[in-house]
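Student: The sequence shown begins at 38 in the working numbering and counts up one residue at a time.
Following this message is one structure expressed as structure tokens.
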Amino acid sequence: MKIAIVCYPTFGGSGVVATELGLELAKKGHEIHFITYSQPVRLALLNSNLHYHEVHVPEYPLFHYQPYELALSSKLVDMVKLYDIDVLHVHYAIPHAYAGYMAKKMLEDEGIRIPMITTLHGTDITLVGNHPFYKPAVSFSINKSDIVTSVSSSLRDDTYRLFDIKKEIVVIPNFIEPNKSSSDEVKKCDRGMMASENEKIITHISNFRKVKRIDDVVKIFYNIQKEIPSKMMMVGEGPEKQMAEDLCYSLGIQDKVIFFGNSSEIDKILCYSDLFLLPSETESFGLAALEAMACGVPVISSNSGGLPEVNIEGYSGYLSDVGDIEAMSKNAVSILKDDNKLKIFKKNAKEVASRFDILNIVPMYEKVYKEAIEKYKEKV
Ligand code: GMT
């Protein structure tokens, strides 16, 4: 199949999922066309099955806001015609589903009919999309998509609860490539570089937005290090990073916390880790937690959104109410202080992650593409 994928090219989960999906589909022989404003961060190499088309938005003094949706829908029209694309797959409803639908309509005017799949990722529904300024356009473009998927049952339920959706939403969870964490480079993992032998290593990876409750991350670590010699690795960039650094200073733990910035090789960082913290306010799925678990790292998380579908209470980690720093700290210490328990949780985390093997999940998307294309053929 010839598939156009529209996504955010950044380190956020939706862009990562879209890129990894495209890479796997290309490996399976499909022709993939990424259409976005810069090359997706996890898209290192292009080949005959992997294409990237940049959307340019020319500056013009009249525009207070640059009309990205317009440029994106025009680019989609051009690329669908040029490469004879079979199906559009847009990740994150805003503004991609809206732009995709406009492209569909423009193409229809020229006698070209193409189905559009929209994948909902989380904040496009729970935070941003739900804002009254966006809501009518988001509901419209979800309802106009040919097939809608969501990354968890929780997000599907939230979408039905928050929007007037008249379509079935198919749940296709996020995925991981289990063998990545056993690559030779990861196996070389030298913990000594990060901490001394008696210290445990705690990790948090995110885009440091408010929704991640970064101050809870720091406070949980503060409680942990009072009881267990430990270091923390903070990976990512975002608006809350400075606050986190300041908080580490005011708590006097700045020498125990390492801030890394963004990384596209997180498996090489996770190989050092004993525990992953994700106390988010809301999380439609929690891809970062799954990626940690795939590297054998147990997770201390909140119990919001789709996290209970990923992290299994008392097995791959522990889940607590949002903001319950005391419970999260207690659970973290209970795993870290007992080497045998830590070993069991590490093994369990890997086992749970293997249920989300890319090889099982990508066929679900292929099935959806085929269904959508068949439906269109029937209508002609
Ligand atoms: O977590 C973020 O803020 C980034 C966001 C995104 O769309 O890039 O992540 C969302 O999509 C991921 C991939 O499907 C999910 O694993 C994350 O849980 C989800 N984030 C939230 O719901 C906050």
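Heads up, the beta-carbon is just placed ideally off N, CA and C, and yes, glycines get one too.
(1) Cα separation between V255 and S338?
(2) For N368, count the other beta carbons within 10 Å of its own beta carbon; 16 or more makes it buried, fewer makes it exposed. Which is it?
(3) Under 7 Å Cβ to Cβ from Y89, same chain only, skipping five residues before and after it: list those, please.
(4) Using C-beta distances below 7 Å, list every residue in its chain close to Y402, excluding the 5 sequence neighbours before and after it, in chain order.
(5) Buried or exposed for S287, please, with buried defined as at least 16 other CB atoms from any protein chain shown within 10 angstroms of its CB.
(6) Okay, do the region 322-336 and the region 383-394 touch, 3+ Cβ pairs below 8 Å being the bar?
(7) Express the C-alpha separation of S182 and H133 in angstroms, rounding to a whole number.
(8) With a threshold of 6 Å (Cβ to nearest heavy atom), would L324 be considered close to ligand 1?
(9) With a 10 Å radius around its C-beta and 16 neighbouring C-beta atoms as the bar for buried, classify H168 as buried or exposed.
(10) On a CA-only basis, which of L107, H93, K64 and V127 is nearest C44? Give me that one, please.
(11) To which residues of the same chain is D201 closer than 7 Å at the C-beta, ignoring the five residues directly before and after it?
(12) Between the alpha carbons of L379 and I239, how many angstroms are there, rounded?
(13) Does the beta-carbon distance from R246 to G275 come in below 7 Å?
(14) Hey, how far is the Cα of I69 from the Cα of P266?
(15) Quick one: what does DSSP say D394 is sitting in, helix, strand or coil?
(16) To the nearest angstrom, report how far apart I362 and E214 are at their CA atoms.
(17) Let me confirm a value: P46 is counted as buried when at least 16 other C-beta atoms fall within 10 Å, else exposed. Which label applies?
(18) Considering Cα atoms alone, identify which of L192, I131 and G159 is closest to A174.
(19) Straight-line CA distance for D283 to E147?
(20) Would G289 be called buried (16 or more neighbouring beta carbons within 10 Å of its own) or exposed?
(21) Count the other CB atoms, across all protein chains shown, that sit within 10 Å of the CB of G229; report buried if there are 16 or more and exposed otherwise.
(22) With 16 other CB atoms within 10 Å as the buried threshold, where does Q262 fall?
(23) Among the candidates L307, Y74, C285 and R198, whose CA atom is the shortest distance from the CA of K237?
(24) Taking 6 Å as the cut-off, does the CB of T196 come closer than this to any heavy atom belonging to ligand 1?
(25) Assuming M231 and M270 are in contact, meaning their beta carbons sit under 8 Å apart, how far apart are those beta carbons, in whole angstroms?
(26) Measure how close the beta-carbons of E350 and L344 come, nearest whole angstrom, since I'm counting them as under 8 Å.
(27) Given the structure, does G159 come close to ligand 1, in the sense that its CB is under 6 Å from one of the ligand's heavy atoms?
(28) Ligand 1 heavy atoms versus the CB of V248: any closer than 6 Å?
(29) Can you give me the start and stop residues for the beta strand (DSSP E) that H70 sits inside?
(30) Could you tell me how far apart the beta carbons of S191 and E346 are, in whole angstroms, since I believe they sit closer than 8 Å?
(31) Can you name, in chain order, every residue of its own chain whose Cβ lies under 6 Å from the Cβ of D253, other than the five neighbours on each side?
(32) Which of the three DSSP states is assigned to M38 in this structure?
Tutor: Taking the definition as stated:
(1) 13 Å
(2) By the neighbour-count definition (other C-beta atoms within 10 Å, threshold 16), N368 is a buried residue.
(3) F71, Q76, L80 and L83
(4) L58 and I209
(5) exposed
(6) yes
(7) 11 Å
(8) It does: the Cβ of L324 is within 6 Å (strictly closer) of some heavy atom of ligand 1.
(9) It is exposed - the Cβ of H168 has fewer than 16 other Cβ atoms within 10 Å.
(10) V127
(11) S176
(12) 13 Å
(13) Cβ atoms of R246 and G275: closer than 7 Å.
(14) 47 Å
(15) strand
(16) 31 Å
(17) buried
(18) I131
(19) So the alpha carbons of these two residues sit roughly 57 Å apart.
(20) exposed
(21) exposed
(22) buried
(23) The residue among L307, Y74, C285 and R198 with its C-alpha nearest the C-alpha of K237 is L307.
(24) no
(25) The pair is a contact, with the Cβ atoms about 7 Å apart (cut-off 8 Å).
(26) E350 to L344, Cβ: 10 Å. No contact.
(27) At least one heavy atom of ligand 1 lies less than 6 Å from the C-beta of G159.
(28) yes
(29) E68 to T73
(30) Your pair S191 and E346 checks out as a contact, with CB atoms roughly 6 Å apart and the cut at 8 Å.
(31) Once the five neighbours on either side are set aside, the close Cβ partners of D253 are P316 and I362.
(32) Under the three-state reduction of DSSP output, M38 falls in the coil class, being neither helix nor strand.
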